[in-house]
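Q: Before I ask anything, let me first share the structure, which is written out below as structure tokens.
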Amino acid sequence: MRILNVADFNWMTGAERHRASLCLFAIRRKFTNAATRANHLVVEFSDRAVARMGAPLGLRGLGGAWANRRFLQVVDEFRPDLILLHFADAITNRSLAETRRLSPGVTVADINIDPIDTAKNQRRLALRAGVADALFVTTAEPGLGAHAGPGGFAAYLPNPVDAAGETGRAFETPAPAFDLLFPARDDSPREIGAGFISPTAAAARLRASVPRLRLSTPGIGGEPPAEGHDYFLALQSARMGWALSRRATLPLYASDRMAHLFGWGLAVLIDHRVGFERFYRPEEAVFYDDLPDLAASLERLIADDAAAREIARAGWARTRALFDSGRVLAYLLAQLFDEGGAQGYEWPCERWRG
52 MRILNVADFN
62 WMTGAERHRA
72 SLCLFAIRRK
82 FTNAATRANH
92 LVVEFSDRAV
102 ARMGAPLGLR
112 GLGGAWANRR
122 FLQVVDEFRP
132 DLILLHFADA
142 ITNRSLAETR
152 RLSPGVTVAD
162 INIDPIDTAK
172 NQRRLALRAG
182 VADALFVTTA
192 EPGLGAHAGP
202 GGFAAYLPNP
212 VDAAGETGRA
222 FETPAPAFDL
232 LFPARDDSPR
242 EIGAGFISPT
252 AAAARLRASV
262 PRLRLSTPGI
272 GGEPPAEGHD
282 YFLALQSARM
292 GWALSRRATL
302 PLYASDRMAH
312 LFGWGLAVLI
322 DHRVGFERFY
332 RPEEAVFYDD
342 LPDLAASLER
352 LIADDAAARE
362 IARAGWARTR
372 ALFDSGRVLA
382 YLLAQLFDEG
392 GAQGYEWPCE
402 RWRG
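Just so we're aligned: the sequence shown equals residues 52 to 405 in this note's numbering.
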């Protein structure tokens with residue numbers, strides 16, 4: 052199969068690129084890896100970079116027309132069987148309609164990994180209705196079928212792990228520098244317990260509740276975020292990882308950070324309300340109700356490192372068995388191309404329609 056993977060692949064263009072921003076664990080990159088291993092031919096198209104390169108003064112917002120022309124040139128030359136869109140906002144629906152003339156029979160799938168209840172993401176969810184054949188979302192919400200448009204469907208997409216990216220085995224580290232890794236990209240409130248709290252405040256409360264906690268907080272409280280190789284080092288430096296998403300009550304939603312933590316072999320702490328007990332036993336992940344419950348679990352596992360290491364090892368193995376990128380891609384392809392859709396997976400396999 053010929054697959055055109057359209058996303059921000061962080062090609063370094065424009066003065067605003069002060070750093071590479073490689074996004075080594077991004078789902079878009081994992082799907083390229085998985086598809087290539089499965090003998091599909093993959094072409095990557097970075098819509099934002101092309102828009103930036105073709106815009107006056109490198110201002111991406113002025114380069115949309117250029118990006119769409121180049122996108123259609125790629126479609127015409129490559130004639131893809133499948134187009135995957137990952138927040139490819141520079142590509143217009145008009146261009147997607149034109150792809151069906153240039154590459155007859157092409158299937159278009161829109162992929163959305165953000166919380167579904169923000170105003171910005173609500174607009175994105177509705178953007179491709181009636182244009183894309185399918186909408187894949189990392190939240191198991193049947194109501195998303197309303198965004199699929201006539202003839203289309205929405206479906207759940209779990210966050211994958213990839214052996215080429217998540218290469219660590221932190222559970223093999225005998226004496227890590229930190230007990231807990233708690234990374235964040237910004238200080239916007241996260242849902243914890245009955246309310247919302249910023250990562251900075253959450254870290255302060257954990258330190259107060261568990262005085263002996265050795266806590267690593269990249270991106271929080273003035274610390275620089277861990278990116279690229281620094282992120283590898285941060286993952287390897289801790290025994291446990293806190294998978295704190297922006298929302299804890301969206302069904303089966305988690306930031307892809309959770310996949311990084313599991314995939315690198317940390318013992319992962321998860322709010323039980325999100326529903327991941329469907330996939331993980333208590334021996335494979337640590338579930339909590341609120342901050343006091345989380346603090347109690349940390350106290351227990353700091354005192355019993357052998358137990359923490361065993362949870363980390365078991366969670367790592369379970370994650371690789373369920374959510375390997377090749378398996379998740381096979382599920383996506385089955386949803387798109389098998390008459391009855393995907394079947395036999397541990398997560399919801401329904402195809403929701405409006």
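Ideal placement from N, C-alpha and C gives every residue a C-beta, glycine not left out.
Is it right to say Ala305 is buried, meaning 16 or more other beta carbons lie within 10 angstroms of its own, or is it exposed?
A: buried
Q: Along the chain, where does the beta strand (DSSP E) containing Leu92 start, and where does it finish?
A: Leu92 to Ser97
Q: Verify whether the separation of the beta carbon atoms of Asp281 and Phe76 is less than 8 Å.
A: no
Q: Can you name, in chain order, every residue of its own chain whose Cβ lies under 6 Å from the Cβ of Ile362, other than the five neighbours on each side?
A: Ala318
Q: What are the boundary residues of the alpha helix (DSSP H) that Met309 is part of?
A: Arg308 to Gly314
Q: Check this for me: beta carbons of Val94 and Ile134, under 8 Å apart or not?
A: It is not a contact, given that the beta carbons lie outside the stated cut-off.
Q: Using 8 Å as the Cβ pair cut-off and three pairs as the minimum, do the segment 254 to 270 and the segment 231 to 238 touch?
A: Yes: at least three Cβ pairs fall under 8 Å.
Q: What do you get for Ala221, buried or exposed, if any count of 16 or more other CB atoms within 10 angstroms of its CB means buried?
A: buried
Q: So Arg298 and Pro166 are in contact, right, with Cβ under 8 Å, and what is the actual spacing, rounded?
A: With 8 Å as the limit, Arg298 and Pro166 qualify as a contact, their Cβ atoms being about 5 Å apart.
Q: Whose C-beta lies closer than 6 Å to the C-beta of Cys74 among residues of the same chain, with five residues either side of it excluded?
A: Asn61
Q: By how many angstroms is the C-alpha of Asp168 removed from the C-alpha of Arg329?
A: 23 Å
Q: Cα separation between Ala199 and Asp322?
A: 29 Å
Q: Taking the beta strand (DSSP E) that Ile134 falls in, what are its first and last residues?
A: Leu133 to His137
Q: Would you identify the three-state DSSP class for Tyr282, choosing helix, strand or coil?
A: helix
Q: Could you name the residues of the same chain whose beta carbon sits closer than 7 Å to that of Ala346, not counting the 5 residues immediately before and after it, in chain order?
A: Leu257, Ser260 and Val261
Q: Quick check on Arg121: does DSSP put it in helix, strand or coil?
A: helix
Q: Please state whether the Cβ-Cβ distance between Met309 and Ala359 is less than 8 Å.
A: no
Q: Quick check on the DSSP output: what are the complete alpha helix (DSSP H) runs of length 4 or more inside the segment 234 to 289, in order along the chain?
A: Secondary structure within the segment 234 to 289: the alpha helix (DSSP H) runs of 4 or more consecutive residues, fully enclosed, are 250 to 260 and 279 to 287 (chain order).
Q: Please state the DSSP three-state secondary structure of Leu153.
A: helix
Q: Tell me the DSSP secondary structure of Val182 in three-state form.
A: coil
Q: Measure the CB-CB distance between Phe313 and Trp367 and report whether it falls below 8 Å.
A: yes
Q: What residue does the beta strand (DSSP E) around Thr300 start on, and which one ends it?
A: Run containing Thr300: none; DSSP gives neither H nor E here.
Q: Checking the sheet assignment: what are the DSSP bridge partners for Met52?
A: For Met52, which the question treats as bridged, DSSP gives no partner whatsoever.
Q: Rounding to the nearest angstrom, what Cα-Cα distance links Ser239 and Gly392 in this structure?
A: Using only the alpha carbons, I get a separation of about 38 Å.
Q: Distance, Cα to Cα, Arg98 vs Glu223?
A: A small correction: the amino acid at residue 98 is Asp; Arg does not occupy that position in the sequence shown. So the alpha carbons of these two residues sit roughly 40 Å apart.
Q: What's the gap between the Cα of Ala116 and the Cα of Met104?
A: 12 Å
Q: Starting from the Cα of Val325, find the closest Cα among Leu342, Leu295 and Val182 and give me that residue.
A: Cα-wise, what sits closest to Val325 is Leu295.
Q: What's the call for Asp56, buried or exposed, on a 16-neighbour Cβ count within 10 Å?
A: First, the amino acid is wrong: residue 56 is Asn here, not Asp. Asn56 comes out buried.
Q: Name the residue from Ala197, Thr189 and Ala170 whose alpha carbon lies nearest to the alpha carbon of Arg179.
A: The residue with the shortest Cα to Cα distance from Arg179 is Ala197.
Q: Grab me the residues of Asp184's own chain with a C-beta within less than 6 Å of its C-beta, minus the 5 sequence neighbours each way, in chain order.
A: Thr158, Val159 and Gly203
Q: Hey, Glu217 and Trp293 are a contact pair by Cβ (cut 8 Å); roughly how many whole angstroms apart?
A: No, Glu217 and Trp293 are not in contact; Cβ-Cβ is about 17 Å, not under 8 Å.
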